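Residue numbers (mature numbering (1 follows the signal peptide of the UniProt record, and there is no 0)): -22 to -1, 1 to 103.
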Amino acid sequence: MRPITFLVAMTTVAVILSTTNATFGGWEWEPIKNLKDEHVKEIAEYAVEAYNMISNSFPIQLVKVEKGKIRYAGGTNYKLVVAAVVPETGNMVKLYETVVHENIFYGKKVVYFRQLIKSAPTPKT
């Protein structure tokens, strides 16, 4: 009788955990509703600063956040497409994609930051 009770209990826990993730957003990316939010801008600026610290090329400057998605999994993940300019190369605006993980215990960490090659540059506004 005990193995059956244990199996039922574990199945119940698994079902509860799987529905909890679906209820609270799970691991799906959701669009960020307000791209002009101060915290979203802070995350984008952090990613640009981190890129500038490790880059061997000219530093870039954030222009604006073009697109954004958010996901809650072990903290908060931000997937952003940012427009940035390189002043030393004639102020051409280029698009970059970044993912930043934010956790209340460890702070922020850039998961990746890369230039979007196939996208057309947008004029600086």
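Even for Gly, the Cβ is constructed at its ideal location relative to N, Cα and C. Please read these numbers as outputs of a predicted model, since none were measured by experiment.
Cβ neighbours of Ile10 within its own chain (closer than 7 angstroms, five residues either side excluded): Val18, Gly46, Lys47, Ile48. Taking the Cα positions, Glu23 is about 10 angstroms away from Ala62. One alpha carbon belongs to Leu40, the other to Val60, and they sit about 7 angstroms apart.
In this structure, Ala28 lies away from Val71, with their beta-carbon atoms at least 8 angstroms apart. Residue burial annotation: Thr76 is buried, with at least 16 other C-beta atoms found within 10 angstroms of its C-beta.
Residue Thr54 holds the alpha-carbon nearest to the alpha-carbon of Gly85 among Asn12, Thr54, Glu66, Arg92. Among the bridge pairs identified by DSSP, Phe83 is matched with none.
Shortest Cα-Cα distance from Ser35 to any of Phe83, Thr67, Val78, His79 involves Thr67.
Approximately 5 angstroms separates the beta-carbon atoms of Val64 and Ile38; this is inside 8 angstroms, confirming the contact. Asn55 sits in a strand when the DSSP states are folded into three classes. The C-alpha of Gly52 lies about 22 angstroms from the C-alpha of Glu16. In this model, Glu20 and Ile(-19) are separated by some 52 angstroms (Cα to Cα).
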